[in-house]
Each structure stands twice: as structure tokens, then as C-alpha cells.
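Sequential numbering from 91 applies to the sequence shown in my numbering.
Glycine residues also receive a C-beta, built at the ideal position from the N, C-alpha and C atoms.
These notes concern the structure reproduced below.
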Amino acid sequence: MGDEFELDDVYAWPSQLMDARQMEEILRCKVCGEYLAGPVLLQGCSHTFCSECVRKHLLSKGTSGSCPECKKACSSSDLIPNRPLEHLVVHFRALKPKVLQLASGTASLEDLDTKEAASKANQQNNDAMKKMPIVVYHGMKDKQISQLLIKDGLGKILPTSHDNMVNCHKEFIHMWNAQLDTINPKSLGQVRNEVVEAFKARQKEKSTLAATKRELGLHKDDPLENAPAINDNFRKMAQKMKAQKDAKPSAEDKDDGAQMAQDDPQNTMPNGDMRFLPRDNAGTWRNLYVNSLEKSIYVNSVTNEVLDKAPPATTAKLPPKAESSPSPVKRPVEPTVWACGMCTLENPLHFLRCEACGQANPNPPPTTKPERPKRSRQSKLSL
91 MGDEFELDDV YAWPSQLMDA RQMEEILRCK VCGEYLAGPV LLQGCSHTFC
141 SECVRKHLLS KGTSGSCPEC KKACSSSDLI PNRPLEHLVV HFRALKPKVL
191 QLASGTASLE DLDTKEAASK ANQQNNDAMK KMPIVVYHGM KDKQISQLLI
241 KDGLGKILPT SHDNMVNCHK EFIHMWNAQL DTINPKSLGQ VRNEVVEAFK
291 ARQKEKSTLA ATKRELGLHK DDPLENAPAI NDNFRKMAQK MKAQKDAKPS
341 AEDKDDGAQM AQDDPQNTMP NGDMRFLPRD NAGTWRNLYV NSLEKSIYVN
391 SVTNEVLDKA PPATTAKLPP KAESSPSPVK RPVEPTVWAC GMCTLENPLH
441 FLRCEACGQA NPNPPPTTKP ERPKRSRQSK LSL
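The structure is reproduced here in C-alpha cells:
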């Protein structure tokens, strides 16, 4: 059976049992994706996670702890163990292989052993298990922290730096407190071994990273992205593109281009000589008459060159000049003001009297109004 299905995989369920797959997704932690181990309920939002997962999350957030799912503010004191849900997870994991065997047709109800095995391993006296208080490391000396590690059985990590000692002791406390929320807690020795092994793995990773940085010529605080060896390919590509851009065509390239142009039959004459192909069109000259200048000008359509005489090369090609129309008669400018003969004040033309002295306008504008058409009245028809 183990060869056919991955029992811990949520996709081991066939398509006919989609409800069972959805139930299993509910019984999995939203942080680690595994089955809920020691599930705890957040008091404020009622979301459930593994005790160890949510405690690690709150430890990393510090004083600004929040729910991993809804981001509502919370702390480790808001965690409530959910024992019924943990029992449900245990029975679901025990029932899953049996249901998969029945669904695949490899076993029947009579073949299945319905007797439950007593899982008494790792059982401890809950009365002897006590929650460890949170330690405030601020102001403590390295000797005091090392004594705490030795007292809790973590002396294997010594000697190490101050930050490593604090992080290891924090991890030990929150992992042990997470075991109090599960029905089958790990022993104290198992928790110690997990903390020590995790510390050794981190130290090995740090030493490997430091050795890699030394080989690349980097400082211990520099990121790997700044390594010259990593960016060497990009620099080579940039230099190659720049060299191609700055490179000038050689004499051989020019000869090849000239030979290709000469081989083209459209560019050669019947005797083999190269045909002269003008690069730009000479354009046409246009004859325009400017009223303000009262003369004709010639404008090139390509170069926009302006001449007051006909170009010599196109004199024969120009169309016959049309008879110039008589110049328009300039209309005299009509005065818009009149000067008072007494006070010499200039008044608008429509003023009948001077605005200053009251002298009458000698040339008043006509005041005659256009005659309105007479209204014709229709007499009433007599009936």
C-alpha cells in the first residue's frame, strides 16, 4: 500500500473522495502545511495552528505579534489548547490508509484489522510537566546565560556567542511549552536533542557560507550578489556589446559591401560601369505670388530654398506665368476718434459731445435709423 499512495500527501485521495481531501486540508496547519500537532486556538480570532508553529511566529514578531492568517494582534498568552481537534487528527490519520484500501479495492472490511493499537509510547505524567516561564535576557551576562543552558541540559552548544546562547534558550523554552499543548508530548531529552541538532545545522550553514565568501573575495557582511565571479559573465557581455558598438567597419568589410553593390544588376550599366543613383531628389520649384511683397518668388519643395528669380536649371520647365492680377486697392483708414476744438481731448467717434467740456461733435455720425416695414393689419372678415 505504501508503494501506491503517499499517505501523508493530501492528493492521495481519489477524485471520488473530494470531501475527504477537503477535510484533510482543514486538519492541516496553515503555517507548515503538515497535520496539526498540538493544535492551539487563538483567543481573539479563533484560528488554529500548530503550537510550535504559532509560537515561533510570535517569537519572531516580538512585541508586534499577530495571527499568521488574519494579522490580528495577539500574544503567546492567548493560546488555548484544542484537545478534541488533536484527537480528531490522530483518528483521521489512522483511518486514512484503511479508507484508501477500500477505495482502491485492494482490501475488504473483513481483511482490515479493526483493533486499535494502544499507543502508550512517549506518555508522561502531565502533573510533572510544567510550563517554563519566559526569561528576560536584557542585562544578563554571558556567564549567567551559560548557567541557564547548563541547567536545562544544553551545555553541548557551549562555547558560543551571546546571540547564539539567547536564541537557543528561547527555542528550547517555546518548543517545550508547545509540547504541553499536545496529547502525546515529546520527552525533555528529545526536545534538547532537537534544539542542539538545529543549532549545529545553523552553525554548519554559516561556516559554509563564510568559506564561500572567502573564496569569492568578499567580506563576511557582504552579500553574495556582490561577488565578482558571479557578475563576471554580465560584465563580459557588457564589454562585448560595447566593443561591437565602438568597432568601425574594416577595409575588407567595405570591399565586400562595394562588391555586393557592384554585383547588383540594377546598379550597373550595360558596359559594366556603376550607375549614378542620386541620393536625394532635387525637388520641384513652385512659383508663388506674395501680396505683401507684390512680387513673385520661387520655393523648392525639398530644400525649402526661396529665390526671387527663376532658377536657371528649371527655367524651361516652369509653366507659363499667369497674368498678374491687379494689386488690390488699399482702403483708407477711417478715424475712430475726434478731437475737441476747445479742450483738444480725443473722444470716441460715436460721442456727440466732448466728455470734458461738453463741446458738440463737429462731424456727428449719422443717427438715422433704418425704417421699419409698416405693419399691415388684416381686417376682420364679416360673417
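Is residue i helix, strand or coil by DSSP?
i: Tyr227; result: coil
i: Ile170; result: strand
i: Phe324; result: helix
i: Ile116; result: helix
i: Ser154; result: helix
i: Ser386; result: strand
i: Pro313; result: coil
i: Trp428; result: strand
i: Ala333; result: helix
i: Ile266; result: Checking the sequence shown, residue 266 turns out to be Trp, not Ile. Three-state result, Trp266: helix.
i: Asn394; result: coil
i: Asn437; result: strand
i: Ala163; result: strand
i: Cys143; result: helix
i: Val121; result: coil
i: Leu131; result: strand
i: Ala400; result: coil
i: Glu206; result: Residue confidence for Glu206 is low, a pLDDT of 46 falling below 50, so the modelled location carries little weight and cannot support an answer.
i: Leu378; result: strand
i: Ala446; result: coil
i: Thr405; result: Caution applies to Thr405, whose pLDDT of 47 falls short of 50 and renders its modelled position unreliable; the value that the coordinates give is listed next. DSSP places Thr405 in coil when its eight states are reduced to three.
i: Gln213; result: Bear in mind that a pLDDT of 45 at Gln213, under 50, signals an unreliable position, so the number given afterwards is only what the model happens to contain. Gln213 falls in the coil class under three-state DSSP.
i: Glu176; result: helix
i: Trp103; result: coil
Should residue i and residue j be called a contact, given that it needs their Cβ atoms to be closer than 7 angstroms?
i: Asp271; j: Pro171; result: yes
i: Val189; j: Tyr125; result: no
i: Cys444; j: Asn437; result: yes
i: Met222; j: Ile263; result: yes
i: Leu244; j: Ser236; result: no
i: Val130; j: Glu115; result: no
i: Pro104; j: Ala193; result: yes
Kindly give me the distance between the Cβ atoms of residue i and residue j, rounded to whole angstroms, as I take these residues to be in contact under 8 angstroms.
i: Val286; j: Lys246; result: 5 angstroms
i: Gly373; j: Val396; result: Rounded, the Cβ-Cβ distance is 13 angstroms, inconsistent with contact.
i: Cys157; j: Cys140; result: Wrong, their Cβ atoms sit about 14 angstroms apart, outside the cutoff.
i: Ala268; j: Gly128; result: 6 angstroms
i: Phe488; j: Asn451; result: The structure shown does not extend to residue 488, since the chain is modelled only from 91 through 473, so no value can be given for it.
i: Leu439; j: Pro455; result: 6 angstroms
i: Ser386; j: Asn377; result: 6 angstroms
i: Pro401; j: Tyr388; result: 6 angstroms
i: Lys296; j: Lys303; result: In fact, because the Cβ distance is near 11 angstroms, the residues do not count as touching under 8 angstroms.
i: Asp232; j: His259; result: With a Cβ gap of about 12 angstroms, Asp232 and His259 do not count as contacting.
i: Arg145; j: Ser167; result: Wrong, their Cβ atoms sit about 11 angstroms apart, outside the cutoff.
Starting from the Cα of residue i, find the closest Cα among the options and give me that residue.
i: Leu169; options: Arg183, Ser136 and Pro187; result: Ser136
i: Met255; options: Tyr227, Leu435, Asn267 and Phe324; result: Tyr227
i: Asn257; options: Arg111, Leu239, Ile273 and Asn267; result: Leu239
i: Cys164; options: His147, Lys221, Gln191 and Ala429; result: His147
i: Cys54; options: His181, Ser166, Thr138 and His177; result: Because the chain in this structure spans residues 91 to 473, residue 54 falls outside the shown range and cannot be described.
i: Ile224; options: Met265, Ala337, Ser105 and Glu284; result: Met265
i: Leu107; options: Gly229, Lys186 and Arg292; result: Lys186
i: Met113; options: Met327, Asp322 and His181; result: His181
i: Trp375; options: Leu383, Lys399, Glu384 and Ser154; result: Lys399
i: Phe289; options: Gly279, Ala102, Ala300 and Glu261; result: Glu261
i: Lys220; options: Ala301, His177, Ser277 and Thr434; result: Ser277
i: Cys143; options: Lys162, Cys119, Met230 and Lys151; result: Cys119
i: Met432; options: Met230, Lys335, Gln449 and Met331; result: Gln449
i: His177; options: Ala291, Gln234, Leu117 and Thr153; result: Leu117
**OP:** Pick out the complete alpha helix (DSSP H) segments inside the segment 225-305, 4 residues or longer, and give them in chain order.
**Re:** Scanning the segment 225-305 for uninterrupted alpha helix (DSSP H) segments of 4 residues or longer gives 232-241, 252-269 and 278-305, listed from N- to C-terminal end.
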